[in-house]
Structures are given as structure tokens and as C-alpha cells.
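Okay, structure first, notes after.
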Amino acid sequence: MFGPQVPTVPASAVPDDVYLLDVREDDEWAAGHAPAAHHLPMTELPARIAEVPDDREVAVICRSGGRSAQVVAYLMRNGWDQVRNVEGGMGDWAAAGRPVVTDDGQPGRVA
């Protein structure tokens, strides 16, 4: 859908030590997210791009993979080269048995 220029990684294969960037909206994040994820809504990325590390691997995730693919393409156009889209987003993340929590550490859900 986004062409070969957007590198991807299956949700089940995202390394534990990767910088996981969750670009979903606040309500989606509040419902549930990966425990070590960093929240930066897609709409805020241009103003907050300096918060995304460019010296380590970054995996970008949203609900299903569409918004995160757009963010990966944007980051690549702006000089990031260690960035990948998480295939299937949080839906595939949860389906792979990876943890989903709320801000207080309780079990979360994908919204």
C-alpha cells in the first residue's frame, strides 16, 4: 500500500530494546498501549520531531499500520534511516500475545 520505500517489521518480531513510537490519538493510547512505548500523536509529529531519536532503531506503531506507515515515510524524508513500520499495528501486537497496558499498568485494550 505504501510501496517498498517503507520498511516494516512484524509485530511479533519487534525487539524489546527498540524505541517504540506510538502515533495514535490520546483516547487510543489511554485504552491500551505497549508497556515501553513512547506516545506522540501523528498530528503533533512535525512540531515534536526532535523527540524521536535518530541514533537508534525506531519502530512506529498505530492501530492498524496506516498512520504509522505515513510517519515512517515522513521520518525517512527527514533523515531517519533506522525506522520501520510495525505491520498490522496494535491489532497485530495484541494478537501476537504482546502486552497491552494502561498508563497505570493495568491490562489495556486496543481501541
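Mind the numbering: the sequence shown is residues 1 to 111 in full-length UniProt numbering, read in order. Quick reminder that beta carbons are idealized off the backbone N, C-alpha and C, glycines included.
Could you check which residue in the options has the C-alpha nearest to that of residue i?
i	options	result
residue 94	14, 41, 43	14
residue 42	60, 35, 6, 10	60
residue 103	11, 80, 74, 37	37
residue 10	40, 28, 77, 92	92
residue 107	5, 7, 34, 12	34
residue 83	44, 58, 89, 90	58
Using the rule of at least 16 other Cβ atoms within 10 Å of the residue's Cβ for burial, across every protein chain shown, is residue i buried or exposed?
i	result
residue 85	buried
residue 50	exposed
residue 69	buried
residue 105	exposed
residue 67	buried
Quick one: what does DSSP say residue i is sitting in, helix, strand or coil?
i	result
residue 102	coil
residue 67	helix
residue 107	strand
residue 91	helix
With DSSP as the reference, identify every bridge partner of residue i, one or two as the case may be.
i	result
residue 86	9
residue 59	20, 84
Decide yes or no for the touch test of the segment 98-105 against the segment 20-28: beta carbon pairs closer than 8 Å, at least 3 of them.
no
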